[in-house]
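Notes to accompany the following structure.
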Amino acid sequence: MKQLIAFDLDGTLAESKQPLDAAMGEALADLLDVVDVAVISGGDWPQFETQVASRLPARANIARLWLMPTTGTKLYTHGSGAWRPVYAELFADDEKQLIFGAFDASLEATRFVPETVWGERVEDRGSQITFSALGQKAPIDAKEKWDPDFAKRKVIQRDLRQRLPGLSINMGGATSIDVTREGVDKAYGLTKLQGVSGISLDAMLFVGDAIFPGGNDYPAKTLGVDTVCVRDPRETRAVIDTIIACLKPAPTVGAAVRHASAANDRAQSVLGAEA
1 MKQLIAFDLD
11 GTLAESKQPL
21 DAAMGEALAD
31 LLDVVDVAVI
41 SGGDWPQFET
51 QVASRLPARA
61 NIARLWLMPT
71 TGTKLYTHGS
81 GAWRPVYAEL
91 FADDEKQLIF
101 GAFDASLEAT
111 RFVPETVWGE
121 RVEDRGSQIT
131 FSALGQKAPI
141 DAKEKWDPDF
151 AKRKVIQRDL
161 RQRLPGLSIN
171 MGGATSIDVT
181 REGVDKAYGL
191 TKLQGVSGIS
201 LDAMLFVGDA
211 IFPGGNDYPA
221 KTLGVDTVCV
231 RDPRETRAVI
241 DTIIACLKPA
251 PTVGAAVRHA
261 SAANDRAQSV
271 LGAEA
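Structure representation (structure tokens):
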């Protein structure tokens with residue numbers, strides 16, 4: 001039986017850089033009633049706080065929620081009334097400068113320079129450097145149109161891998177490329193989570209929208225964790241409903257009898273009123 005369900009964020013639980021909608025917040029609260037939940041994605045903690053932590057209903061059992069920014073190189077849990085970091089693994093300054101230079105050179109070489117950019121294109125997230133082709137604040141419709149089949153980013157990814165040997169370079173979200181230390185990907189994050197939570201990989205299920213070679217969700221599959229690939233948040237909600245139906249404990253015989261008795265009483269009341 002699965003004890004923890006892990007999710008990608010952008011494109012899986014929410015639209016790119018957007019907060020969870022009310023329906024997804026309620027769905028996650030329902031899921032937290034029956035199993036631990038983790039969210040692992042390339043965004044940094046402020047993005048997680050805005051997109052996830054602040055969007056859950058008050059009833060959500062957030063003591064069972066594991067939030068893993070920057071591809072799991074950071075981990076936050078909730079206790080004593082606040083979200084607190086369990087660990088954080090950061091790039092050194094000289095490593096960051098090397099990555100910034102590689103991005104500049106790669107974009108010049110591949111010539112993927114859009115006419116319009118919204119905000120900074122390269123973001124320092126401490127333990128991860130993230131390139132967003134249209135900028136960090138680009139509107140969703142522009143992002144969805146820029147590289148829907150990942151073809152442009154695959155070219156940039158190949159070039160970066162030549163310039164940054166020894167680093168992990170994966171595509172994520174709608175327009176992003178994430179650079180982390182070698183071996184740091186969602187497989188790494190889930191392995192770290194296993195050690196901290198005590199929940200085995202066999203007892204985990206991962207849900208994401210980029211479970212394909214080169215996608216930043218694919219390492220979860222290569223790790224051997226059971227995975228479900230979704231197309232969008234709407235499909236994710238359907239998956240959550242199915243998981244809850246499978247994991248929710250069946251009512252005891254006594255509870256079932258009480259439920260049936262209550263239903264019968266209501267039926268008798270309605271029939272009496274109609275008479």
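Residue numbering for the sequence shown follows my numbering, beginning at 1 and increasing consecutively. Heads up, the beta-carbon is just placed ideally off N, CA and C, and yes, glycines get one too.
Problem set entry | Inter-stretch contact (C-beta, 8 Å, three-pair minimum) for the region 135 to 149 and the region 157 to 167 | no
Exercise. Within this structure, are the beta carbons of Gly-25 and Leu-4 separated by less than 9 Å?
Worked result: no
Exercise. Expressed to the nearest angstrom, what Euclidean distance is found between the alpha-carbon atoms of Arg-125 and Ala-238?
Worked result: 32 Å
Exercise. Beta-carbon separation of Asp-241 and Cys-229 under 9 Å?
Worked result: no
For this session: Name the one or two DSSP bridge partners that Arg-59 has.
Result: Partner(s): none; Arg-59 has no beta bridge.
Problem set entry | Bridge-paired residues (DSSP) for Cys-246 | DSSP lists no partner for Cys-246.
Exercise. Counting pairs of beta carbons, one from the region 181 to 193 and one from the region 68 to 86, are three or more of them closer than 8 Å?
Worked result: yes
For this session: Could you check what DSSP says for Val-270 in three-state terms: helix, strand or coil?
Result: Note on Val-270: pLDDT 36, under 50, position unreliable in the model; no value is reported.
Exercise. Assuming Leu-9 contacts Val-39 under a Cβ cut-off of 8 Å, what Cβ separation, rounded to an integer in Å, is found between them?
Worked result: 6 Å
Exercise. In three-state DSSP terms, what is Ala-14?
Worked result: strand
Problem set entry | Leu-90 to Glu-182 span [Cα, whole Å] | 13 Å
Exercise. Are Asp-178 and Gly-11 closer than 9 Å when you measure CB to CB?
Worked result: no
For this session: Report the rounded CA-to-CA distance for Ala-262 versus Pro-249, giving the unit in angstroms.
Result: Confidence at Ala-262 is low in this model, with a pLDDT of 44, below 50, so its placement is unreliable and no value can be given for it.
For this session: Note the first and the last residue of the continuous alpha helix (DSSP H) segment covering Pro-276.
Result: Residue 276 cannot be examined here, being either before or after the span of the chain that is shown, 1 to 275.
Exercise. Is the distance from the Cβ of Ile-129 to the Cβ of Lys-96 below 9 Å?
Worked result: yes
Exercise. Looking only at its own chain, which residues have a Cβ that is under 6 Å from the Cβ of Tyr-87, when we skip the five neighbours before and after it?
Worked result: Leu-75
For this session: Quickly, what does DSSP pair Arg-111 with across the bridge? List them, please.
Result: None, per the DSSP bridge assignment.
For this session: Starting from the N-terminal side, write out each stretch of the alpha helix (DSSP H) that is 4 residues or longer and does not extend beyond the region 176 to 209.
Result: 186 to 197
For this session: Output the boundary residues of the alpha helix (DSSP H) element that contains Phe-7.
Result: Counting along the chain, Phe-7 falls outside any alpha helix (DSSP H), though it belongs to the beta strand (DSSP E) covering 4 to 7.
For this session: Go through its chain and collect everything with a Cβ distance to Ala-29's Cβ below 7 Å, but skip five positions before and after it.
Result: Leu-56, Pro-57, Arg-59, Ala-60
Problem set entry | One or two residues paired with Lys-145 in a DSSP bridge | Answer is none; Lys-145 lacks a bridge partner.
Problem set entry | Same chain, Cβ closer than 8 Å to Phe-112, five either side skipped, listed in chain order | Ala-133, Lys-152, Val-155, Ile-156
Exercise. Using the rule of at least 16 other Cβ atoms within 10 Å of the residue's Cβ for burial, across every protein chain shown, is Phe-131 buried or exposed?
Worked result: buried
For this session: Would you kindly report the start and end of the unbroken beta strand (DSSP E) that includes Pro-213?
Result: That residue, Pro-213, is in no beta strand (DSSP E); it is neither H nor E in DSSP.
Problem set entry | Short Cβ contact (9 Å threshold) for Thr-227 with Leu-13 | no
Exercise. Is the CB-CB distance between Leu-223 and Leu-247 below 9 Å?
Worked result: no
Exercise. Going straight from the alpha carbon of Glu-115 to that of Ala-27, what length do you get?
Worked result: 39 Å
Exercise. With a CB to CB cut of under 8 Å and the five nearest residues on each side skipped, what residues in its chain are close to Gly-79?
Worked result: Ala-63
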